[in-house]
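**Student:** The structure that follows is given in the form of structure tokens.
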Amino acid sequence: MRRKQKHKRKLRPGTFLFILFVLMLLAAFIYAGNQFRQEVGEMAEYRSKIAAVKVVNDSIMEVMAEHPDLHLIDVVKDAQGQVVSIETDIQQISAVKTGVTDKILTKLKELSRDSIKIPLGNLTGNGFLSARGPNIDCRFIPVGSIEIKTLSKFEACGINQTRHQIVVSVETEISAVTSFKSVRVKVPTDFVLAETVIVGSVPENYTQVLTSDRELISEINDYKAGVQ
């Protein structure tokens with residue numbers, strides 16, 4: 023009996039090149055898709071930060087406009103006119119925080135009802151293609167709660183001058199949703215509610231020490247004592 027011989031089929035050079043071309047084309051599409059989604063995510067994150075900062079700033083400005091006589095700080099002086107203390111009105115600050123929180127929540131809800139359009143040309147980084155091409159819809163969705171707190175800051179701003187600020191620090195978290203990618207971003211925003219510059223008496227002597235050493239005591243010399 024004759025044995026049947028199996029013949030292995032060899033790929034023709036043309037078939038091999040075609041398969042290689044298809045694989046390379048598929049890899050290129052996957053790479054381009056990943057790059058495109060990354061660009062969309064970065065653009066959505068950028069727009070999210072702009073939208074969140076605008077919501078916070080507009081909310082604070084509206085609250086301040088509704089309370090034109092707002093008085094948050096009292097500078098207490100002695101009989102000689104020297105500043106002895108700074109007092110803050112806790113009740114008014116709490117009212118501002120409550121008003122700002124309510125307005126931010128309202129504006130974020132309004133923001134979630136609308137969507138912005140990102141032109142496809144903006145993702146290319148090419149100035150000629152900017153604002154051209156089909157639009158990508160991007161919606162903003164509030165995520166979690168809003169963290170808001172007030173800070174009292176002191177900083178030196180001159181010889182015997184101190185700047186005191188009441189700052190509202192707000193952190194909002196929103197999610198930007200597109201057809202291709204969604205991003206979640208936390209946006210911190212600081213807003214100065216009140217600022218006071220406290221001026222004291224000018225000292226007879228002033229010593230400025232410029233050094234990176236922590237042991238400063240041996241490097242500080244009293245100028246007046248040195249010239250006597």
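Per my numbering, the sequence shown starts with residue 23, numbered consecutively. Just so it is clear, CB atoms sit at the ideal spot from N, CA and C, and this is done for glycine as well. Given the structure is predicted, the values throughout are model-derived calculations rather than measurements.
#1: Taking R185 as the reference, which of V192, S191, F176 has the closest Cα?
#2: With which residues is T120 paired in a DSSP beta bridge?
#3: Confirm, please, whether the CB-CB distance from Q187 to V221 is below 7 Å.
#4: Is it right to say K131 is buried, meaning 16 or more other beta carbons lie within 10 angstroms of its own, or is it exposed?
#5: Answer with buried or exposed for C160, where buried requires no fewer than 16 other C-beta atoms within 10 angstroms of its C-beta.
#6: Specify the secondary structure class of Q183 as computed by DSSP and reduced to three states.
#7: By a C-beta neighbour count over all protein chains shown, 10 Å radius and 16 as the cutoff for buried, is M83 buried or exposed?
#8: Are S70 and V122 touching if we call contact CB-CB under 7 Å?
#9: Can you list, in chain order, the residues of its chain with a C-beta nearer than 6 Å to that of T194? Leave out the 5 residues immediately preceding and following it.
#10: Determine the direct distance from the alpha carbon of T110 to that of K171, and round the result to whole angstroms.
#11: From L215 to V62, what does the alpha carbon distance come to, in whole angstroms?
#12: Where K99 and V106 are concerned, what is the direct C-alpha to C-alpha distance, given to the nearest angstrom?
#13: Check the C-beta distance from F213 over to V189 and give it rounded, since I have them as a contact under 8 Å.
#14: Helix, strand or coil, according to DSSP, for S107 in the structure here?
#15: By the 10 Å Cβ neighbour count, where 16 or more other Cβ atoms means buried, how is I17 classified, buried or exposed?
#16: Could you tell me whether the Cβ atoms of V97 and I108 are closer together than 7 Å?
#17: Tell me the rounded alpha-carbon separation between I181 and Q102.
**Tutor:** Once the coordinates are examined:
#1: Numbered from its first residue, the sequence shown carries residue 185 at position 163. The shortest C-alpha separation from R185 is found at F176.
#2: Residue 120 sits at position 98 when you count from the first residue of the sequence shown. None, per the DSSP bridge assignment.
#3: Here residue 221 is taken as the residue at index 199 of the sequence shown, counted from 1. Here residue 187 is taken as the residue at index 165 of the sequence shown, counted from 1. No, Cβ-Cβ distance for V221 and Q187 is not below 7 Å.
#4: Numbered from its first residue, the sequence shown carries residue 131 at position 109. With fewer than 16 other Cβ atoms within 10 Å, it is exposed.
#5: In the sequence shown, counting from the first residue as 1, residue 160 sits at position 138. With 16 or more Cβ atoms within 10 Å of its Cβ, C160 is classed as buried.
#6: Within the sequence shown, residue 183 is the residue found at index 161, counting from 1. Strand, per DSSP.
#7: For the purposes of this step, residue 83 is taken as residue 61 along the sequence shown, with counting starting at 1. Looking at its Cβ environment, which holds fewer than 16 other Cβ atoms inside 10 Å, M83 is exposed.
#8: If you number the sequence shown from 1, residue 70 lands on position 48. If you number the sequence shown from 1, residue 122 lands on position 100. Cβ distance not < 7 Å, so S70 and V122 don't count as in contact.
#9: Within the sequence shown, numbered from 1, the residue matching residue 194 stands at position 172. A74, I168, V209, listed in sequence order.
#10: As a position in the sequence shown, residue 171 is number 149, starting the count at 1. As a position in the sequence shown, residue 110 is number 88, starting the count at 1. Between K171 and T110, the C-alpha separation is close to 15 Å.
#11: In the sequence shown, residue 215 corresponds to position 193, counting from 1. In the sequence shown, residue 62 corresponds to position 40, counting from 1. The alpha-carbon atoms of L215 and V62 are separated by roughly 36 Å.
#12: Sequence index remark: in the sequence shown, residue 99 carries index 77 (1-based). Sequence index remark: in the sequence shown, residue 106 carries index 84 (1-based). Looking at the two C-alpha atoms, the distance is approximately 5 Å.
#13: If you number the sequence shown from 1, residue 213 lands on position 191. If you number the sequence shown from 1, residue 189 lands on position 167. Confirmed, about 7 Å.
#14: Counting from one through the sequence shown, the residue named residue 107 turns up at place 85. Three-state DSSP puts S107 in a strand.
#15: Nothing in the structure corresponds to residue 17, since the chain is present only between 23 and 250.
#16: Position 75 of the sequence shown, counted from the first residue, corresponds to residue 97. Position 86 of the sequence shown, counted from the first residue, corresponds to residue 108. Against a cut-off of 7 Å, the Cβ pair of I108 and V97 comes out as a contact.
#17: The count along the sequence shown starts at 1 and reaches residue 181 at position 159. The count along the sequence shown starts at 1 and reaches residue 102 at position 80. Cα-Cα distance, rounded: 19 Å.
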